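Plus 2 on top of the position in the sequence shown (first one is 1) and you've got the working numbering. Written below as structure tokens is the structure these notes are about.
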Amino acid sequence: MNTTTISGAVFRGPRLPLYPEELRLDDPRPGEVRVRMVATSVCHSDLHVVDGEWARPNDVVLGHEGAGVIEALGPDVAERPTAIAPGSGPGHRVGDLVVLVWTAPCGTCPACRRGEVWLCATPRGGGHRLAAEAVRVRRPDGTPIGVYSGVGTHATGQVVDAAAAIPVDPRTPVDVAALIGCAATTGVGAVRATAGVRAGETVVIIGLGGVGLAALMAAVDAGATVIAIDREPDKLALASLLGAAHVLEPGAAGDVVRLTGGGADHAFECIGLVATAEVAVDLVRPGGTVTLVGMTPQGARAGIDIYRFVEKGKRLLGSNYGSLVPARDVPVIAADVVAGRLPLGRLVTDHIGLGDLDAALDAMRRRDGARRVVVF
Ligand SMILES: [Zn+2]
Ligand SMILES: [Zn+2]
């Protein structure tokens, strides 16, 4: 088995610093592809792991929001005919720009058979290993290293399941392609697929990080009237620029009821805080829909007034990975970026290096900016 030398940031345990180290990467096996990473970001789901809020194994290359270029196909991976554009048909080619997705559906579990592939119970790359607990990454001394959610994007290269590498329009900016791997898809899908926002509806977005801003763009694109809530004036200014009709600081959240004449049709909680999830329930009209998108620490529980919730006939939804089918919907989001419908480039606060991950996580703890993207 040939190996390639890569540089990757390994999670060694909660609250320990992340820094790139030299690693060995095996060649792809059947069903896998090797990618050269072109961009990756840090997401709250990485932060939850680093801060010890989500229990995950040590010795794993973190990162699950990334994009790469295919360098090698595993022995039996279908090669796409040149006549078919990337993302518009099946198969992969060396040189494809690919968005890496952190749920590569197994295709056979009950959720996959229902078509709800984002709920796949046994995704390829689950358990932070490739198929059959297999390891493709090792330290020079032979220590096996896992890959977070089967993609481990905080590295200069990676071997992933072919189903986790979705070819997209090569004109997609690489930093945006990385964000489509998680934040953008999560926010856009919550609006389009989970909640099904329609033109003319009123939408309140709580929290304007990467996910919340992506949700805002999708709601504006859908023709909805958007009210955005955040505590950072810079983010509210950006929300206005992106088409929000009203922006509010958290203390004024109750104004949503006045501005919408009785409550919004939809509320999206995009932070992952118990308090804002509870507020979201109060901001929708009778019959309105609350979609929870932000992820809390494991075990967090919220309280709602059940009598009023039932009396007002409200609906509460959870949105995982935007309820999207990656192979079908990721190329569509990329195409919408190229066509100018989704200005996801506005999510990029800064370009950084692989050695700056700790600083980027710190900025995220301060809720400073949307996304800092490592561009290789
Ligand atoms: Zn994420
Ligand atoms: Zn499945």
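The beta carbon of each residue, even a glycine, is placed where N, CA and C say it ideally should be. Note that the structure is a prediction, hence the values are computed from the model and not measured.
| Do you know offhand how far P252's Cα is from G274's? | Within the sequence shown, residue 252 is the residue found at index 250, counting from 1. Within the sequence shown, residue 274 is the residue found at index 272, counting from 1. In a straight line, the C-alpha of P252 is about 15 angstroms away from that of G274.
| task | Counting only the same chain and skipping the five closest in sequence on each side, list residues whose C-beta sits under 7 angstroms from that of N60. | result | In the sequence shown, counting from the first residue as 1, residue 60 sits at position 58. These residues qualify, in order along the chain: F13, R14, G15.
| query | Can you tell which of R330, L356, E23 has the C-alpha that lies nearest to the C-alpha of D2? | reply | What is shown of the chain runs 3 to 378, which leaves residue 2 out entirely.
| query | Can we count A165 as close to ligand 2, meaning its CB is less than 7 angstroms from some heavy atom? | reply | Along the sequence shown, one-based indexing puts residue 165 at 163. No, ligand 2 has no heavy atom inside 7 angstroms of this Cβ.
| task | Would you check if the region 102 to 113 and the region 63 to 72 touch, i.e. whether three or more CB-CB distances between them fall below 8 angstroms? | result | Yes, they touch.
| ligand 2 heavy atoms versus the CB of D109: any closer than 7 angstroms? | The residue you call residue 109 lines up with position 107 of the sequence shown. Note on residue identity: the sequence assigns Gly, not Asp, to residue 109. Result yes, Cβ under 7 angstroms from ligand 2.
| query | Which residue comes first and which comes last in the beta strand (DSSP E) that contains V375? | reply | The sequence position of residue 375 within the sequence shown is 373, counting from 1. DSSP places V375 in the uninterrupted beta strand (DSSP E) bounded by 373 to 377.
| field | ligand 2 heavy atom lying under 7 angstroms from the CB of C184 | value | For the purposes of this step, residue 184 is taken as residue 182 along the sequence shown, with counting starting at 1. Not a single heavy atom of ligand 2 lies less than 7 angstroms from the C-beta of C184.
| Quick one: Cα of G2 to Cα of A246, how far? | Nothing can be reported for residue 2, as the shown portion of the chain is limited to 3 through 378.
| task | Could you check which residue in I8, L18, G76 has the C-alpha nearest to that of L49? | result | Translated into positions along the sequence shown, residue 49 becomes position 47. L49 has its Cα closest to that of L18, out of I8, L18, G76.
| message | Quick check on DSSP: helix, strand or coil for A302? | response | Along the sequence shown, read from residue 1 onward, the residue named residue 302 stands at position 300. Residue state, collapsed to three classes: coil.
| query | By Cβ distance below 6 angstroms, which residues in the same chain neighbour L240 in space, the five residues on each side in sequence not counted? | reply | Walking along the sequence shown from the start, residue 240 turns up at place 238. Within the same chain, no residue comes within 6 angstroms of L240 by CB-CB distance, once the 5 residues on both sides are set aside.
| query | What residue range is occupied by the uninterrupted alpha helix (DSSP H) comprising R116? | reply | Counted from its first residue, the sequence shown places residue 116 at position 114. 112 to 116 is the span of the alpha helix (DSSP H), which, as asked, contains R116.
| How is I86 classed by DSSP in three states: helix, strand or coil? | If you number the sequence shown from 1, residue 86 lands on position 84. If DSSP states are grouped into helix, strand and coil, I86 belongs with coil.
| message | Among T298, H156, Y150, whose alpha-carbon lies nearest the alpha-carbon of S9? | response | Residue mapping note: residue 9 aligns to position 7 of the sequence shown, counting from 1. Selection T298, H156, Y150 evaluated against S9 yields H156 as nearest (Cα-Cα).
| task | Name the two residues that bound the continuous alpha helix (DSSP H) containing G189. | result | Here residue 189 refers to the residue found at position 187 of the sequence shown. 185 to 191 is the span of the alpha helix (DSSP H), which, as asked, contains G189.
| said: Can you tell me where the alpha helix (DSSP H) holding V40 begins and where it ends? | reply: Taking the sequence shown and counting its residues from 1, one reaches residue 40 at position 38. That residue, V40, is in no alpha helix (DSSP H); its beta strand (DSSP E) goes 34 to 43.
| field | Buried versus exposed call for I207 [16 or more other C-beta atoms within 10 Å across all chains shown] | value | Within the sequence shown, numbered from 1, the residue matching residue 207 stands at position 205. Its Cβ being crowded by 16 or more others within 10 Å, I207 is buried.
| query | Looking only at DSSP bridge pairs, what is R317 linked to? | reply | Here residue 317 refers to the residue found at position 315 of the sequence shown. Residue pairing by DSSP places R317 opposite T291 in a beta bridge.
| Quick one: does the C-beta of A362 sit closer than 7 angstroms to a heavy atom of ligand 2? | The residue you call residue 362 lines up with position 360 of the sequence shown. Look at A362: its beta carbon is at least 7 angstroms from all of the heavy atoms in ligand 2.
| query | Is the Cβ-Cβ distance between T293 and T196 less than 8 angstroms? | reply | Along the sequence shown, one-based indexing puts residue 293 at 291. Along the sequence shown, one-based indexing puts residue 196 at 194. Contact: yes.
| field | Residue from L243, E203, A216, L215 whose Cα sits closest to the Cα of A226 | value | Along the sequence shown, read from residue 1 onward, the residue named residue 226 stands at position 224. When only C-alpha atoms are compared, the closest one is E203.
| query | Should S47 be listed as close to ligand 1, given that the test is whether its C-beta is under 7 angstroms from any heavy atom? | reply | Reading the sequence shown from its first residue, position 45 is the one you call residue 47. Yes, ligand 1 has a heavy atom inside 7 angstroms of this Cβ.
| query | Between the beta-carbon of L215 and the beta-carbon of L344, is there less than 8 angstroms? | reply | For the purposes of this step, residue 215 is taken as the residue at position 213 of the sequence shown. For the purposes of this step, residue 344 is taken as the residue at position 342 of the sequence shown. Taking the C-beta atoms as reference points, L344 is found no nearer than 8 angstroms to L215.
| message | Starting from E23, trace the beta strand (DSSP E) in both directions and tell me its first and last residue. | response | Looking up residue 23 in the sequence shown gives position 21. First-last of the beta strand (DSSP E) with E23: 22 to 28.
| query | Can you list, in chain order, the stretches of the beta strand (DSSP E) that have 3 or more residues and sit fully within the region 159 to 230? | reply | Within the region 159 to 230, the complete beta strand (DSSP E) runs of at least 3 residues are 159 to 163, 167 to 169, 204 to 208.
| Name the DSSP bridge partner or partners of P146? | Residue numbering aside, residue 146 sits at position 144 when the sequence shown is read from its first letter. By DSSP's assignment, P146 forms a beta bridge with R140.
| request: Within 10 angstroms of the Cβ of Q300, are there 16 or more other Cβ atoms? Answer buried if so, exposed if not. | output: For this step, residue 300 is matched to residue 298 along the sequence shown. Residue burial is scored here from C-beta neighbours: Q300 has fewer than 16 other C-beta atoms within 10 angstroms and is therefore classed as exposed.
| Buried or exposed (CB count within 10 angstroms, at least 16 for buried), P288 | Position 286 of the sequence shown, counting from 1, holds the residue named residue 288. Counting Cβ neighbours within 10 Å, P288 comes out exposed, since fewer than 16 surround it.
| query | Using the rule of at least 16 other Cβ atoms within 10 Å of the residue's Cβ for burial, across every protein chain shown, is L75 buried or exposed? | reply | Residue mapping note: residue 75 aligns to position 73 of the sequence shown, counting from 1. Residue burial annotation: L75 is buried, with at least 16 other C-beta atoms found within 10 angstroms of its C-beta.
| Beta-carbon contacts of P146 that lie in its chain and below 8 angstroms, excluding the five residues immediately before and after | As a first step, residue 146 is located in the sequence shown; it is residue number 144 there, counting from the start. Closer than 8 angstroms at the Cβ level, and outside the excluded window around P146, lie D61, V137, V139, R140.
| message | Extract the residue ranges of the alpha helix (DSSP H) inside the region 242 to 274, only unbroken runs of 4 or more that lie entirely within it. | response | List check, alpha helix (DSSP H) in window: 257 to 261.
| field | Beta-carbon proximity check, V375 vs A41, cutoff 8 angstroms | value | Position 373 of the sequence shown, counting from 1, holds the residue named residue 375. Position 39 of the sequence shown, counting from 1, holds the residue named residue 41. Contact check for V375 against A41 passes: the beta carbons are separated by less than 8 angstroms.
| task | Measure how close the beta-carbons of R38 and E73 come, nearest whole angstrom, since I'm counting them as under 8 angstroms. | result | The residue labelled residue 38 in the question sits at position 36 within the sequence shown. The residue labelled residue 73 in the question sits at position 71 within the sequence shown. Correct: roughly 5 angstroms between the Cβ atoms.
| message | Using only CA atoms, which one of R194, D338, G97 lies nearest to V295? | response | Locating residue 295 in the sequence shown gives position 293, counting from the first residue. Measuring from the Cα of V295, the nearest candidate turns out to be R194.
| message | Below 7 angstroms, is the gap between the Cβ of T204 and the nearest heavy atom of ligand 2? | response | Here residue 204 refers to the residue found at position 202 when the sequence shown is read from its first residue. For T204, the shortest C-beta to heavy atom distance toward ligand 2 is 7 angstroms or greater.
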